[in-house]
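Please read the structure below before turning to the comments.
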Amino acid sequence: MADFTSTLCQCVAAYRGGGVRPTAETVVNALLQAEKSAKQQRLSYPFTSLLGKWQLCFATGTKKAQKRGGIVLGKGLYVPKFVTIQISFSATLEPDSGKGEIGNQVQLGPVLLQLTGPARYFGKQNLLAFDFNCLLFYLFGGKVYSGRFSSGRGEAQDFYDQPIAKLPFFAFFLVTPDLIAARGRGGGLALWIRQQ
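Numbering follows my numbering, with no gaps: position 76 of the sequence shown is 72.
Listed below in structure tokens is the structure:
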């Protein structure tokens, strides 16, 4: 097992409540090593390996570099236990089409916000493009708001015709039965653990 894999497994176990958490810097380095390894090995993951619900465990932000004009990773942080951030992926009825739905929800105490929309997976590149177009808002378990909105990228059918360069996406570089890791279009890294 590669060093980065054992570090990330330790991170997951510690987040779930057992053991010592690796430092944020150690986790960021492990994610970068995993990304580099995936590129070198030209790893490809099937869409089915992403299906299910995943809880965000660790993420980095990005910041614009002043003089270089590029994007630099932030330090990274563990998501606090008092907030639950979850992502989910489901497939359409068309087998092997790579078409599906993405869901993203944030829960903080009695407040629950859910966003859903279409998703499309490009297997050879491990890219999942998505677009949110439906919002649900709950307070103390009761639905306060439910509605569709336009992101400016067109309807769901038009979404599948959009070039990936115009869509938000995740580039997955590590997928196991217990964790997934990706780089977002904005350059940040994220590590999710399978919801138990």
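Note that beta-carbon positions come from the ideal geometry of N, C-alpha and C, so glycine has one too.
Alpha-carbon to alpha-carbon, residue j and residue i
i    : j    : result
E31  : R190 : 19 Å
G113 : G99  : 7 Å
T3   : A55  : 15 Å
G94  : K139 : 31 Å
L170 : L108 : 28 Å
F80  : L104 : Sequence check: residue 80 is Thr here, not Phe. When rounded, the distance between both Cα atoms is 7 Å.
V102 : Q36  : 34 Å
A125 : L163 : 6 Å
L111 : L132 : 7 Å
DSSP-derived helix/strand/coil call for residue i
i    : result
Q110 : strand
F145 : coil
T172 : coil
T3   : helix
One or two residues paired with residue i in a DSSP bridge
i    : result
R190 : W50
E97  : S86 and P114
A125 : R116 and F165
G15  : Per DSSP, none; premise fails for G15.
C130 : T112 and R144
Contact with chain D by residue i, beta-carbon distance below 9 Å
i    : result
N100 : Within the model displayed, chain D is absent; a lone protein chain is all it includes.
Close beta carbons around residue i, own chain, < 8 Å, minus the five adjacent residues each side
i   : result
E21 : K71 and G72
G48 : S84, F85, R190 and Q191
6 Å Cβ shell around residue i - same chain, five flanking residues per side excluded
i   : result
R64 : Residue placement at R64 is poorly supported in this model, since its pLDDT is 48, which falls under 50; the coordinates still yield a value, given next. If we look at R64 and ignore the five residues flanking it on each side, it has no Cβ neighbours.
R17 : A10
Under 9 Å between C-beta atoms of residue i and residue j
i    : j    : result
C7   : A34  : no
C130 : G143 : yes
L52  : W188 : yes
Residues of its chain near residue i, where Cβ-Cβ distance is below 7 Å and the 5 sequence neighbours each way are ignored
i    : result
L135 : P106 and V107
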